[in-house]
Amino acid sequence: MSQFQKNRFYFGNTVVFTLLVLLSLGAQAKPSDNEVVVQSISQEEQNAALEYWTPERMAATQAMQAQAIKMINDDPGNVSESKHVSTPAATEILTAGLLFFQVNGEDSSCTANVVQAATKSVIATAGHCVQSPANEPHERIDHLVFLLNYNNGRWHGRFPVRNIYTVNGWSQQGIDGFDFAFLSVAHDNYGSRPGDLVIQTPIRFAAPATQGIFSLYGYPNAIDEGEHLVKCSERGVLYPDPHGGGPRVRSLPYCRNFSEGASGGPALQNLADGTYQTGNVEGYVDRVGAATFTYWEAAAHGAWDRAQHDQ
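Residues -29 to -1, 1 to 282 in mature numbering (1 follows the signal peptide of the UniProt record, and there is no 0) are what the sequence shown spells out, letter by letter.
Put into structure tokens, the structure is as follows:
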């Protein structure tokens, strides 16, 4: 019997975030769910995306999404009074950035993060930011551009997306536990890769699911129009997958307003031997102010490994 239900916010036709409420435990993922799916973006499409996303258009997109949130939320839109939500120090994390894109012709954004890869050209984000599952109403997502270390209209690199790597569990079924994507990006205008400009984030797969302190990072539009990075830190707990299968989804309480725009942001886990990205922000439970995030294991490893060998 289902105890969870998944909902999504739509601004126009744009899916901007996944909301979760409590559901039953699911079965284990089927091997076919882990099969990697590759979506390639042509050079012509990459050039069109770079031309489309002007500074003015990016600022307008952030403001539009923030205004849409205010229409359904009376919150003033500043950093939450929760002691768990804060603005990180300027040098705390330099690898995160904004991922701009269009959904059915409407402008939107998510968060993405540079992760360790042989090519120094891989970013991680949420699957729903880049791909519409086959079992849901079709959404055309295109014009993808990553702005490294975005902060109030400035950034340290602008990279068009070349290839998108997801798995069947997301691309065919939209299972929340598979709501991750690894993207290979092209060089910026100066011939640099993301990993040439910042130290790539170490990653770990199948880490102890709830051990240690977690820090989630993202650009939630409900806080200062998503113009700067926001952090939420706390101990994580497990949530079951709402579709009855796939990796478990985790949750971080007390992350008030960590909603639309924060999707895809890194979930950093503090373990005994270091800090690693072990998942990505996946959703937000509005009624309790909790952020949900994926648990990277075998399926995520397969998608990442394909992405890091993309030349």
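Ideal Cβ placement from N, Cα and C applies to all residues, glycine included.
For residue 34, I'd like the list of residues in its chain whose CB is within less than 7 Å of its CB, leaving aside the five on either flank, ordered along the chain. Counting from one through the sequence shown, the residue named residue 34 turns up at place 63. For residue 34, where only same-chain residues beyond five positions count, the Cβ hits under 7 Å are 196.
Measuring alpha carbon to alpha carbon, tell me which of 176, 169, 234, 73 ends up nearest residue 193. As a position in the sequence shown, residue 193 is number 222, starting the count at 1. Taking only the C-alpha atoms, the option nearest residue 193 is 234.
Touching or not, the segment 90 to 108 and the segment 141 to 153, by the rule of three or more beta carbon pairs under 8 Å? The segment 90 to 108, when compared against the segment 141 to 153, does touch it at the 8 Å Cβ threshold.
Check whether the Cβ atoms of residue 70 and residue 115 lie closer than 8 Å to each other. Position 99 of the sequence shown, counted from the start, is the residue given in the question as residue 70. Position 144 of the sequence shown, counted from the start, is the residue given in the question as residue 115. Between residue 70 and residue 115, the C-beta spacing is below 8 Å.
Residue closest to residue 41, alpha-carbon to alpha-carbon, out of 86, 191, 21, 172: Counting from one through the sequence shown, the residue named residue 41 turns up at place 70. Of the listed residues, the one whose Cα sits closest to residue 41 is 191.
Between which residues of its own chain and residue 209 is the CB-CB distance below 7 Å, once the five residues before and five after are set aside? Walking along the sequence shown from the start, residue 209 turns up at place 238. Once the five neighbours on either side are set aside, the close Cβ partners of residue 209 are 180, 181, 219, 221.
Tell me the DSSP bridge mates of residue 113? Along the sequence shown, read from residue 1 onward, the residue named residue 113 stands at position 142. Answer is 73, bridged to residue 113.
Residue -4 versus residue 216: straight-line alpha-carbon distance, rounded: As a working mapping, residue -4 is identified with position 26 in the sequence shown. As a working mapping, residue 216 is identified with position 245 in the sequence shown. Residue confidence is low: residue -4 scores 39 on pLDDT, short of 50, so the model does not pin down where it sits. Its coordinate-derived value is still stated next. Across the structure, residue -4 and residue 216 are spaced so that their CA atoms are roughly 5 Å apart.
Residue 198 bridges to which residues according to DSSP? Along the sequence shown, read from residue 1 onward, the residue named residue 198 stands at position 227. Answer is none; residue 198 lacks a bridge partner.
Based on the DSSP secondary-structure assignment, which residues constitute the bridge partners of residue 282? Reading the sequence shown from its first residue, position 311 is the one you call residue 282. Answer is none; residue 282 lacks a bridge partner.
Proximity to residue 262 [Cα-Cα], best of 174, 277, 271, 228: Mapped onto the sequence shown, residue 262 falls at position 291. Selected option, being the one with the closest Cα: 228.
Run the CB neighbour count on residue 251, radius 10 Å, all protein chains shown included, and call it buried at 16 or more, exposed below. As a first step, residue 251 must be located in the sequence shown, where it is residue number 280. Result: buried.
Measuring only the C-alpha atoms, how far is residue 49 from residue 37? Here the question's residue 49 lines up with position 78 in the sequence shown. Here the question's residue 37 lines up with position 66 in the sequence shown. Note on residue 49: pLDDT 48, under 50, position unreliable in the model; the coordinate value appears next. Each residue's Cα considered, the two are about 11 Å apart.
Could you say which of 59, 29, 133 lies nearest to residue 77 if we only look at CA atoms? As a first step, residue 77 must be located in the sequence shown, where it is residue number 106. Among 59, 29, 133, the Cα nearest to that of residue 77 is on 29.
Could you tell me the alpha carbon to alpha carbon distance between residue 248 and residue 7, rounded to whole angstroms? By one-based count along the sequence shown, residue 248 stands at place 277. By one-based count along the sequence shown, residue 7 stands at place 36. Distance between the alpha carbons of residue 248 and residue 7 is about 20 Å.
Counted within 10 angstroms of its Cβ, other Cβ atoms place residue 244 as buried (16 or more) or exposed: The residue you call residue 244 lines up with position 273 of the sequence shown. Exposed, since its Cβ has fewer than 16 Cβ neighbours within 10 Å.
What's the C-alpha gap between residue 75 and residue 260? In the sequence shown, counting from the first residue as 1, residue 75 sits at position 104. In the sequence shown, counting from the first residue as 1, residue 260 sits at position 289. Cα to Cα, the separation comes out at about 29 Å.
DSSP three-state label for residue 185, please. Start at 1 with the first residue of the sequence shown, and residue 185 comes out as number 214. Strand.
Among 9, 16, 271, which residue has its Cα nearest to the Cα of residue 148? Stepping through the sequence shown from its first residue, residue 148 is reached at position 177. Of the listed residues, the one whose Cα sits closest to residue 148 is 271.
Can you list, in chain order, the stretches of the alpha helix (DSSP H) that have 4 or more residues and sit fully within the segment 105 to 173? You should have 139 to 142, 165 to 168.
Buried versus exposed, by CB contacts within 10 Å (16 or more), residue 73: Counting from 1 along the sequence shown, the entry for residue 73 is found at position 102. Buried: at least 16 other Cβ atoms inside 10 Å.
Alpha carbon to alpha carbon, how far is residue 279 from residue 224? Give it in angstroms, no decimals. As a working note, residue 224 is residue 253 in the sequence shown. As a working note, residue 279 is residue 308 in the sequence shown. Each residue's CA atom was taken as its position, placing residue 224 and residue 279 some 32 Å apart.
Close Cβ partners of residue 242 (< 8 Å) along its chain, the five nearest in sequence each way excluded: As a first step, residue 242 must be located in the sequence shown, where it is residue number 271. Taken in chain order, the residues that qualify are 175, 178, 179, 182, 183.
Between the C-alpha atoms of residue 112 and residue 79, what's the straight-line distance to the nearest angstrom? Taking the sequence shown and counting its residues from 1, the one referred to as residue 112 is at position 141. Taking the sequence shown and counting its residues from 1, the one referred to as residue 79 is at position 108. Residue 79 has its alpha-carbon roughly 10 Å from the corresponding atom of residue 112.
Collapsed DSSP secondary structure at residue -4 in the structure displayed: In the sequence shown, the residue the question calls residue -4 occupies position 26. Because residue -4 carries a pLDDT of 39, less than 50, the predicted location of this residue cannot be relied on, and the following value inherits that uncertainty. Three-state DSSP puts residue -4 in coil, outside helix and strand.
Go ahead and label residue 161 buried or exposed: buried means 16 or more other beta carbons lie within 10 angstroms of its beta carbon, across all protein chains shown. The sequence position of residue 161 within the sequence shown is 190, counting from 1. Exposed, since its Cβ has fewer than 16 Cβ neighbours within 10 Å.
In angstroms, rounded to a whole number, what distance separates the CA positions of residue 202 and residue 282? Locating residue 202 in the sequence shown gives position 231, where the first residue counts as 1. Locating residue 282 in the sequence shown gives position 311, where the first residue counts as 1. Annotation: residue 202 to residue 282 spans about 33 Å, alpha carbon to alpha carbon.
For residue 292, name the three-state secondary structure that DSSP assigns. There is no way to answer for residue 292, as the model of the chain reaches only from -29 to 282.
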